[in-house]
Amino acid sequence: MAREFSIIGVVGLGTMGAGIAEVLARRGLGVVGVDFDEEGVARGKERVAHSTARALAKGKIGEAEHAEILSRITYSTSLDDLAEADLVIEAIPEDLDAKARIFAELDKIVAPEAVLASNTSSLSITEIGVHTGRPGKVVGLHFFNPAPVQKLTEIVRTVVTEPDVVADVVEFARGLGKEPVVIGDRAGFIANALLFGYLNHAVSMYEQRYATREDLDAAMRFGCGYPMGPLALLDLIGLDTAYEILETMYGQSRNRLHAPSPILKQMITAGLLGRKTGRGFYTYD
Ligand code: CAA
Numbered sequence: 499m500a501r502e503f504s505i506i507g508v509v510g511l512g513t514m515g516a517g518i519a520e521v522l523a524r525r526g527l528g529v530v531g532v533d534f535d536e537e538g539v540a541r542g543k544e545r546v547a548h549s550t551a552r553a554l555a556k557g558k559i560g561e562a563e564h565a566e567i568l569s570r571i572t573y574s575t576s577l578d579d580l581a582e583a584d585l586v587i588e589a590i591p592e593d594l595d596a597k598a599r600i601f602a603e604l605d606k607i608v609a610p611e612a613v614l615a616s617n618t619s620s621l622s623i624t625e626i627g628v629h630t631g632r633p634g635k636v637v638g639l640h641f642f643n644p645a646p647v648q649k650l651t652e653i654v655r656t657v658v659t660e661p662d663v664v665a666d667v668v669e670f671a672r673g674l675g676k677e678p679v680v681i682g683d684r685a686g687f688i689a690n691a692l693l694f695g696y697l698n699h700a701v702s703m704y705e706q707r708y709a710t711r712e713d714l715d716a717a718m719r720f721g722c723g724y725p726m727g728p729l730a731l732l733d734l735i736g737l738d739t740a741y742e743i744l745e746t747m748y749g750q751s752r753n754r755l756h757a758p759s760p761i762l763k764q765m766i767t768a769g770l771l772g773r774k775t776g777r778g779f780y781t782y783d
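Positions in the sequence shown are counted from 1; adding 498 to them yields the numbering used here.
In structure tokens form, the structure reads like this:
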């Protein structure tokens with residue numbers, strides 16, 4: 499029988515971490531959300547409040563359920579508050595050294611049986627796991643943006659991840675109403691390995707003024723049935739995150755498809771990160 503995880507830690511309360519915390523709380527689980535300072539916690543809390551208020555306004559949840567969801571998440575600025583967690587999902591930005599440090603710390607804080615998961619999009623789970631004394635209990639658990647909406651979770655196993663841990667995390671993901679897929683530890687896993695060549699190509703076409711941003715996006719929405727065009731999707735993902743994913747994949751595969759288009763870096767330097775900064779390929783209110 500699959501092991502049940504009942505207290506879940508989420509480390510990093512950015513777009514993904516806050517979305518994951520919401521998914522968990524909406525399924526009735528207790529969540530401890532950790533960010534590194536009060537400001538980070540306040541922003542994470544605000545993200546969850548905003549997203550659940552939207553569900554309330556749309557009548558998807560009632561007042562009482564809304565209050566319950568919010569009460570299931572406690573917030574902290576200290577990893578020490580994760581001592582009771584049986585599963586911790588790390589969702590900080592894509593920085594291998596920072597992730598390695600957090601996993602090494604978590605390893606000392608949580609119980610020996612607890613599972614440590616990373617929401618990384620492209621970094622190596624193996625390289626993260628070796629910084630703990632329990633690499634067999636380290637997996638990738640990758641959600642998609644927006645986490646409350648997208649059904650996919652990629653579960654990444656390394657050569658040392660225990661099969662029971664993979665099976666338990668697969669069942670856990672199903673219990674969240676997600677569709678789990680299991681893959682080995684290769685940059686980009688399945689979805690990003692396929693998606694980002696296409697997104698990067700769209701950026702190049704935009705950079706070469708091949709077509710307007712609207713027409714590039716319209717072609718893929720109306721011609722291919724994608725819910726969003728590639729440039730609007732990059733704005734949702736965040737240009738900084740997209741750049742890091744491309745760099746990591748390019749570093750590993752040397753596939754030219756993944757060599758980040760130069761304009762991406764320029765836009766990042768200019769602060770055009772997409773929706774989260776109010777401007778990317780498009781401008782947002
Ligand atoms: N949080 C919670 N719910 C959200 C949401 C958010 N941020 N954004 C949208 N929703 C919900 C809405 O409440 C709405 O729910 P109902 O239908 O139940 O009312 C539903 O999603 C549809 O939303 P909207 O009507 O506002 O807008 P839409 O129909 O245009 O859908 C979208 C918006 C869900 C983002 C859709 O355009 C979409 O699926 N886009 C593609 C997103 C995608 O490809 N994501 C993967 C990115 S890659 C990634 O994440 C991997 C990585 O590592 C970077």
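Beta carbons: idealized from backbone N, C-alpha and C, even for Gly.
What residue from the options has the CA that sits closest to residue i's CA?
i	options	result
Asp728	Ser751, Gly695, His756, Gly560	Before going further, note that residue 728 is Pro rather than Asp in the sequence given. Considering only alpha carbons, the answer is Gly695.
Asp584	Val667, Tyr708, Asp533	Val667
Ala700	Arg711, Leu692, Ala691, Asn690	Arg711
Ala551	Gly638, Arg524, Val539, Val530	Arg524
Leu731	Leu771, Ala757, Thr746	Leu771
Ala547	Leu762, Ala516, Phe534	Ala516
Leu580	Ser549, Asp533, Glu652	Asp533
Lys676	Gln706, Phe641, Asp733, Ala565	Phe641
Output yes or no for whether 8 Å exceeds the beta carbon distance between residue i and residue j.
i	j	result
Leu614	Val636	yes
Ile506	Ser619	no
Ala589	Val509	yes
Thr659	Gly631	no
Ala671	Thr651	yes
Met765	Leu737	yes
How big is the Cα-Cα spacing for residue i and residue j?
i	j	result
Phe687	Arg545	27 Å
Thr767	Met499	50 Å
Leu522	Glu669	14 Å
Glu611	Gly673	20 Å
Gly531	Ser576	10 Å
So what does DSSP say about residue i, is it helix, strand or coil?
i	result
Arg552	helix
Tyr860	Any question about residue 860 goes unanswered here, given that the chain covers just 499 to 783.
Ala615	strand
Ser574	strand
Leu639	strand
Gly526	coil
Glu561	helix
Gly627	helix
Glu588	strand
- Task: Starting from the N-terminal side, write out each stretch of the alpha helix (DSSP H) that is 4 residues or longer and does not extend beyond the region 698–730.
- Result: Qualifying alpha helix (DSSP H) stretches, in chain order: 711–722.
- Ordered list of beta strand (DSSP E) runs contained in the region 644–689, each at least 3 residues: Within the region 644–689, complete beta strand (DSSP E) segments of at least 3 residues are found at 650–654, 677–681, given in chain order.
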